[in-house]
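As structure tokens, the structure follows; a few thoughts come after it.
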Amino acid sequence: MTKFKPGDRVVAFHHVPCRACFYCDRKLYAQCEGYKRVGITAGYEPAGGGFAQYIRVMDWIVREGVERIPDGVSFEAASFVEPVNTCHKAVVAMDPQPGDVVLIQGQGPIGLIFTMLVARTGRRSWPRTRCPNGWRWRADWARGKPWIRARRMCRRS
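Using my numbering, the first residue of the sequence shown is number 4, and each one after it goes up by one.
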């Protein structure tokens, strides 16, 4: 018996820890043998088909790594569950303290997520990217100030 039915809107995590081994006891899930098993595929390779329309989700993932998408949450927003969760775990593990300044190297999609999450802790961040002055508009955008973006676009020579 499954807790899901056809038509349910769900998000599936591609790795699920066993929660019972030495590594899981210490919250080092990436070292867990069960976590290392890839449980979603759309191709012939274990991890194939990341952008596929249909995927196969293994039974252990369905049991422990599939969650319903709440009503009112778009598929686009739900697609951020995994990267935001990963960044959130890193910020929690980092545990920035009052007065700390967090260096965020790069302001691509993951760097922007880190910038937003660090801002939610009330700590200062120092986002950097290779584009001179480009980090400023991205950091302002991540902090909820998109109106500043037009003034600070990255100039390429």
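We treat Cβ as the ideally placed atom computed from N, Cα and C, and that holds for glycine.
Practice item. Starting from the Cα of L115, find the closest Cα among Q34, P86 and F7 and give me that residue. Key: P86
Notebook entry, point to check: Of all the beta strand (DSSP E) runs that stay within the bounds of the region 5-70, which reach a length of 3 or more residues?
Noted result: 13-15
| said: Could you pull the DSSP bridge partners for P130 from this structure? | reply: I107
Can you tell me whether V84 is helix, strand or coil according to DSSP?
helix
**Q.** Closest residue to F16 among E70, Y47, A45 and A80 (Cα-Cα distance)
**A.** E70
Buried or exposed: where does F117 fall if 16 or more other Cβ atoms within 10 Å of its Cβ makes it buried?
buried
Check: Three-state secondary structure (DSSP) at P3?
Finding: One cannot answer for residue 3 here, as it falls past the ends of the chain, which runs 4 to 160.
task: Output the distance between the C-alpha atoms of L106 and N88, rounded to the nearest integer angstrom.
output: 19 Å
R131 versus P112, R123 and V65, residue with shortest Cα-Cα distance
P112
key: Within 8 Å, strictly: CB atoms of Y38 and V19   = yes
Handout entry: Presumed contact (8 Å Cβ cut-off) between R59 and T44, rounded CB distance
Key = 5 Å
Is it the case that the Cβ atoms of I64 and G46 are separated by a distance below 8 Å?
no
Taking the CB atoms as reference points, tell me whether R127 and V104 lie closer together than 8 Å. yes
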